[in-house]
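Engineer:
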Amino acid sequence: MHRKTVIDFRALGERYIFTQPIKELKTRDIAEVVDLLAQVESYQEQGYYVVGYVSYEAAPAFEEKLAVHKAPLLDEYLLYFTVHDKVETSPIPLIYDEVDLPSNWQEVTSAADYEKAIAQIHHHLRQGDTYQVNYTVQLKQDLSANPFAIYNRMVVEQEAGYNAYVEHDEMAVISMSPELFFEQNGRELTTRPMKGTTQRGVTDQEDLEQAGWLEQDPKNRSENMMIVDLLRNDMNRISEVGSEHVEHLCQVEQYSTVWQMTSTIKSQLREDVDLVEIFRSLFPCGSITGAPKIATMEIIKDLEPQPRGVYCGTIGLLLPNGRRIFNVAIRTIQLYQGKAIYGVGGGITWDSTWESEYREVHQKAAVLYRKQARFKLITTGKISQKQLLFEEQHLERLRKASRYFAFPFDAEYLKQKIEEECQACEANQDYRLRISLSKSGEIELSRQILTPLSPHFCQAKLCLQEANLQQAFIYFKTTHRPHLSLGEQEKIYHNEKGELLETTIGNLVLKIDGKLYTPPIRLGILPGIYRQHLLETGQVEEKVLTIKDLKGAEAIYGCNAVRGLYELSVKES
8 MHRKTVIDFR ALGERYIFTQ PIKELKTRDI AEVVDLLAQV ESYQEQGYYV VGYVSYEAAP
68 AFEEKLAVHK APLLDEYLLY FTVHDKVETS PIPLIYDEVD LPSNWQEVTS AADYEKAIAQ
128 IHHHLRQGDT YQVNYTVQLK QDLSANPFAI YNRMVVEQEA GYNAYVEHDE MAVISMSPEL
188 FFEQNGRELT TRPMKGTTQR GVTDQEDLEQ AGWLEQDPKN RSENMMIVDL LRNDMNRISE
248 VGSEHVEHLC QVEQYSTVWQ MTSTIKSQLR EDVDLVEIFR SLFPCGSITG APKIATMEII
308 KDLEPQPRGV YCGTIGLLLP NGRRIFNVAI RTIQLYQGKA IYGVGGGITW DSTWESEYRE
368 VHQKAAVLYR KQARFKLITT GKISQKQLLF EEQHLERLRK ASRYFAFPFD AEYLKQKIEE
428 ECQACEANQD YRLRISLSKS GEIELSRQIL TPLSPHFCQA KLCLQEANLQ QAFIYFKTTH
488 RPHLSLGEQE KIYHNEKGEL LETTIGNLVL KIDGKLYTPP IRLGILPGIY RQHLLETGQV
548 EEKVLTIKDL KGAEAIYGCN AVRGLYELSV KES
């Protein structure tokens with residue numbers, strides 16, 4: 008029985024919600040798959056919405072030589088679609104109700120077994136049986152949370168382009184896919200295979216360096232181009248001669264935990280090609296099999312001990328206007344009676360090592376348990392003489408942070424709002440201006456008259472900070488600051504080595520032998536605007552500073568864009 012299907016494909020611009028179907032098209036019989044897929048197309052041509060999935064194990068329905076395990080993995084169908092005469096739409100959500108996911112997912116494949124599998128793949132590569140194998144493993148866990156609540160959290164946090172949720176009987180499919188399988192508009196066919204991954208950096212510079220590395224890395228590029236060649240061949244079988252072309256090759260795209268490499272291929276379908284023929288040529292997507300497809304799927308069946316289910320199949324929507332969009336169902340949780348399975352994998356080539364591929368599996372699986380804080384981007388400055396000091400630096404801070412966290416940001420609109428705020432100020436009065444940017448792109452400005460810091464606040468306490476340096480919130484100014492604690496007194500933080508870091512509201516500066524020094528960013532501190540000004544004007548030098556330096560310093564300062572340099576003393580514990 009159908010319960011609910013929700014499609015959050017970014018290309019549609021809004022959420023599509025389907026309930027109360029006029030018909031279900033479903034089967035666990037491989038012999039019925041093609042006929043039912045033809046019915047899917049027929050209902051679309053009659054003006055209905057049709058939405059659902061095709062499991063990976065349905066592949067032999069389109070090409071009998073494609074080897075798969077006997078389905079099902081849980082309780083999924085080989086093909087499941089529902090037909091609707093109406094759709095409810097709403098904005099794709101930007102917030103979600105709290106729901107927790109456990110971090111201790113059980114690995115079905117041990118590290119030792121993974122190493123053996125990669126060795127067997129290398130044997131097949133040496134023999135010339137395959138050029139690339141997309142080898143996948145599964146993680147298992149008991150989940151008691153509401154599956155749709157889990158889905159909404161994933162939609163908000165992962166910001167993938169092809170999210171989908173299908174719930175029927177006692178089965179729920181939660182797909183956070185970033186990958187398009189194919190889109191058909193009229194006779195134009197588009198595919199966007201995704202192959203090539205690296206983790207995000209934790210600072211703006213490191214993050215961009217990671218993206219640049221992926222874009223140029225020979226191994227990842229060769230993996231991607233191998234799949235591009237496979238899909239071009241698949242598309243050529245159903246396209247007008249000479250129409251197939253690569254529109255974008257090896258583009259790097261940003262996601263919450265990883266950078267991914269994609270390519271875009273387009274062609275014009277022949278007039279006689281129907282939906283079944285598209286699936287005969289393309290399904291399953293080459294990015295989740297490898298190349299050549301028939302031989303490689305035989306290897307996959309030998310190496311992977313269980314079916315994949317909806318994972319690595321496709322979830323799609325057919326609109327009454329003829330448009331069709333199908334994802335590649337990766338990053339997909341399959342949930343049945345409280346038992347969850349999550350598949351994750353990668354393309355294995357001759358250059359692959361089992362250690363690096365195993366690490367990549369864990370990077371991709373981080374979407375399951377790495378809960379993202381709800382936060383806003385902020386920057387705080389000083390208005391003096393009806394002007395925001397360091398305005399361009401504040402804008403640049405928000406530009407970098409919005410790029411990193413994928414927040415929409417209209418810099419020109421903010422400049423206009425800053426000007427309005429400044430003009431509303433008294434010329435002979437200084438103000439503190441706080442600017443915040445939400446995940447939806449909403450900008451808020453608040454100002455208050457700037458008052459001096461109290462002597463009590465400036466009696467700083469020395470505190471140990473145990474923050475993990477591999478978290479971006481240290482290096483970007485946001486409302487989520489778990490590594491800092493604001494109280495009645497300023498704090499000077501140090502790490503376990505006794506190296507000084509920063510203060511609660513600013514950067515730290517010590518005067519030693521008549522010169523000013525500040526700790527380097529690499530120790531895990533916020534790159535403050537006023538700190539950068541002091542460095543660029545030669546007033547301060549970077550240096551690793553210790554608690555011993557603090558005790559012997561001629562003067563101790565905090566600094567930020569609101570206060571400039573403000574003097575501190577250290578309160579003895």
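Every position in the sequence shown, counted from 1, becomes a number in the numbering used here once 7 is added.
Glycine residues also receive a C-beta, built at the ideal position from the N, C-alpha and C atoms.
For clarity, every value in this text was computed on a predicted model and none was experimentally measured.
Are the region 68-88 and the region 166-182 touching, with three or more C-beta to C-beta distances below 8 Å?
Structural biologist: With the cut-off at 8 Å, the region 68-88 and the region 166-182 touch.
Engineer: Within the same chain, show all residues whose beta-carbon is closer than 8 Å to that of I385, passing over the 5 residues directly before and after it, in chain order.
Structural biologist: The sequence position of residue 385 within the sequence shown is 378, counting from 1. Closer than 8 Å at Cβ, skipping near neighbours: R441, I442, S443, L444, K484, T485, T486.
Engineer: Quick check on DSSP: helix, strand or coil for C470?
Structural biologist: The residue you call residue 470 lines up with position 463 of the sequence shown. The answer is strand: DSSP assigns C470 an E or B state.
Engineer: Figure out for me which residue from S461, P28, P100 has the closest Cα to the Cα of K446.
Structural biologist: As a first step, residue 446 must be located in the sequence shown, where it is residue number 439. Of the candidates S461, P28, P100, the one whose C-alpha sits nearest the C-alpha of K446 is P100.
Engineer: Among G193, R199, H501, M201, which has the Cα closest to the Cα of R277?
Structural biologist: Your numbering for residue 277 matches position 270 in the sequence shown. For the residues G193, R199, H501, M201, the minimum Cα distance to R277 belongs to G193.
Engineer: Compute the beta-carbon to beta-carbon distance between I128 and I295, rounded to the nearest angstrom, for a pair I have assumed lies under 8 Å.
Structural biologist: Translated into the one-based positions of the sequence shown, residue 128 becomes position 121. Translated into the one-based positions of the sequence shown, residue 295 becomes position 288. Rounded, the Cβ-Cβ distance is 15 Å, inconsistent with contact.
Engineer: With a 10 Å radius around its C-beta and 16 neighbouring C-beta atoms as the bar for buried, classify T274 as buried or exposed.
Structural biologist: Taking the sequence shown and counting its residues from 1, the one referred to as residue 274 is at position 267. One point to set straight first is that residue 274 is Ser, not Thr, in the sequence displayed. Classification for S274: buried.
Engineer: Rounded to a whole number of angstroms, what is the C-alpha to C-alpha distance between S576 and I519?
Structural biologist: Translated into the one-based positions of the sequence shown, residue 576 becomes position 569. Translated into the one-based positions of the sequence shown, residue 519 becomes position 512. Those two C-alpha atoms are separated by around 15 Å.
Engineer: Report all residues from its chain with a CB closer than 8 Å to the CB of I285; omit the five preceding and five following residues, and keep chain order.
Structural biologist: For the purposes of this step, residue 285 is taken as the residue at position 278 of the sequence shown. Cβ neighbours of I285 beyond the five flanking positions: F189, Q191, L196, I245, L276.
Engineer: With a threshold of 7 Å (Cβ to nearest heavy atom), would G320 be considered close to the ligand FMN?
Structural biologist: Inclusion of the ligand FMN in the displayed structure is not the case, the ligand content being empty and no account of it being possible.
Engineer: Between the region 367-374 and the region 227-247, do at least 3 Cβ pairs fall closer than 8 Å?
Structural biologist: They do not touch, by the three-pair rule.
Engineer: Under a three-way DSSP split, which group does S49 fall into?
Structural biologist: Numbered from 1 along the sequence shown, position 42 holds the residue referred to as residue 49. S49: helix per DSSP, three-state reduction.
Engineer: Using a threshold of 8 Å, state whether the C-beta atoms of G320 and Y60 are closer than that.
Structural biologist: Within the sequence shown, the letter at position 313 stands for residue 320. Within the sequence shown, the letter at position 53 stands for residue 60. A contact, by the Cβ cut-off of 8 Å.
Engineer: Among N567, D556, R529, which residue has its Cα nearest to the Cα of V209?
Structural biologist: As a first step, residue 209 must be located in the sequence shown, where it is residue number 202. For the residues N567, D556, R529, the minimum Cα distance to V209 belongs to R529.
Engineer: Using the three-state DSSP reduction, which class does K33 fall into: helix, strand or coil?
Structural biologist: The count along the sequence shown starts at 1 and reaches residue 33 at position 26. Of the three classes helix, strand and coil, the one that applies to K33 here is strand, per DSSP.
Engineer: To the nearest angstrom, report how far apart A562 and L515 are at their CA atoms.
Structural biologist: Along the sequence shown, read from residue 1 onward, the residue named residue 562 stands at position 555. Along the sequence shown, read from residue 1 onward, the residue named residue 515 stands at position 508. Cα to Cα, the separation comes out at about 11 Å.
Engineer: How long is the line joining the alpha carbons of T26 and E174, rounded to whole angstroms?
Structural biologist: Along the sequence shown, one-based indexing puts residue 26 at 19. Along the sequence shown, one-based indexing puts residue 174 at 167. If you take the alpha carbons of T26 and E174, they lie about 10 Å apart.
Engineer: Just curious, the alpha helix (DSSP H) that H540 is in, first and last residue?
Structural biologist: Here residue 540 is taken as the residue at index 533 of the sequence shown, counted from 1. Start and end: 536-543.
Engineer: Can you tell which of S97, D82, V47 has the C-alpha that lies nearest to the C-alpha of Y23?
Structural biologist: Counting from 1 along the sequence shown, the entry for residue 23 is found at position 16. Ranking S97, D82, V47 by Cα distance to Y23 puts S97 first.
Engineer: Express the C-alpha separation of V140 and L80 in angstroms, rounding to a whole number.
Structural biologist: Taking the first residue of the sequence shown as position 1, residue 80 is located at position 73. Taking the first residue of the sequence shown as position 1, residue 140 is located at position 133. Looking at the two C-alpha atoms, the distance is approximately 21 Å.
Engineer: If we ignore side chains and look at the alpha-carbon of each, how far apart do P109 and A152 end up?
Structural biologist: Within the sequence shown, residue 109 is the residue found at index 102, counting from 1. Within the sequence shown, residue 152 is the residue found at index 145, counting from 1. Going by the C-alpha atoms only, they are around 10 Å apart.
Engineer: CB V115 to CB L146, shorter than 8 Å?
Structural biologist: Within the sequence shown, the letter at position 108 stands for residue 115. Within the sequence shown, the letter at position 139 stands for residue 146. Yes, the Cβ-Cβ distance between V115 and L146 is below 8 Å.
Engineer: Taking the alpha-carbon positions, what's the L4 to V259 distance?
Structural biologist: Residue 4 cannot be examined here, being either before or after the span of the chain that is shown, 8 to 580.
Engineer: Since Y103 contacts N159 with CB under 8 Å, what's their CB separation in whole angstroms?
Structural biologist: Indexing the sequence shown from 1 puts residue 103 at position 96. Indexing the sequence shown from 1 puts residue 159 at position 152. At roughly 4 Å, the Cβ-Cβ gap stays under 8 Å, so Y103 and N159 are in contact.
Engineer: Please tell me whether I37 and A74 are closer than 8 Å, where the distance is taken between their beta carbons.
Structural biologist: Reading the sequence shown from its first residue, position 30 is the one you call residue 37. Reading the sequence shown from its first residue, position 67 is the one you call residue 74. Contact flag unset, no.
Engineer: Can you name, in chain order, every residue of its own chain whose Cβ lies under 6 Å from the Cβ of K33, other than the five neighbours on each side?
Structural biologist: Position 26 of the sequence shown, counting from 1, holds the residue named residue 33. Only Y84, Y87 meet the Cβ criterion.
Engineer: Using CA coordinates, which residue listed in T204, T553, E428 is at the minimum distance from S453?
Structural biologist: Residue 453 sits at position 446 when you count from the first residue of the sequence shown. It is E428.
Engineer: Any idea if H130 is buried or exposed, counting beta-carbon neighbours within 10 angstroms, 16 or more meaning buried?
Structural biologist: Residue 130 sits at position 123 when you count from the first residue of the sequence shown. Looking at its Cβ environment, which holds fewer than 16 other Cβ atoms inside 10 Å, H130 is exposed.
Engineer: By how many angstroms is the C-alpha of S409 removed from the C-alpha of G571?
Structural biologist: Stepping through the sequence shown from its first residue, residue 571 is reached at position 564. Stepping through the sequence shown from its first residue, residue 409 is reached at position 402. Each residue's alpha carbon lies about 25 Å from the other.
Engineer: What do you reckon, are the CB atoms on T553 and R538 nearer than 8 Å?
Structural biologist: Start at 1 with the first residue of the sequence shown, and residue 553 comes out as number 546. Start at 1 with the first residue of the sequence shown, and residue 538 comes out as number 531. Taking 8 Å as the Cβ cut-off, T553 and R538 do not qualify as a contacting pair.
Engineer: Under DSSP, the beta strand (DSSP E) around H175 begins and ends at which residues?
Structural biologist: Taking the first residue of the sequence shown as position 1, residue 175 is located at position 168. First-last of the beta strand (DSSP E) with H175: 169-175.
Engineer: Expressed to the nearest angstrom, what Euclidean distance is found between the alpha-carbon atoms of G565 and E213?
Structural biologist: Counting from one through the sequence shown, the residue named residue 565 turns up at place 558. Counting from one through the sequence shown, the residue named residue 213 turns up at place 206. The alpha-carbon atoms of G565 and E213 are separated by roughly 26 Å.
Engineer: Look at the alpha carbon of A560 and the alpha carbon of G352, and state the distance between them as a whole number of angstroms.
Structural biologist: Here residue 560 corresponds to residue number 553 of the sequence shown, with the count starting at 1. Here residue 352 corresponds to residue number 345 of the sequence shown, with the count starting at 1. If I take the Cα positions, the gap works out to 54 Å.
Engineer: Under three-state DSSP, which class holds M183?
Structural biologist: The residue given as residue 183 occupies position 176 in the sequence shown. In this structure, M183 counts as strand in the three-state DSSP scheme.
Engineer: Looking only at DSSP bridge pairs, what is Y158 linked to?
Structural biologist: For the purposes of this step, residue 158 is taken as residue 151 along the sequence shown, with counting starting at 1. Paired residues: none, contrary to the question.
Engineer: Which one of E451, Q206, K300 has the shortest CA to CA distance from V235?
Structural biologist: Counting from 1 along the sequence shown, the entry for residue 235 is found at position 228. Among E451, Q206, K300, the Cα nearest to that of V235 belongs to K300.
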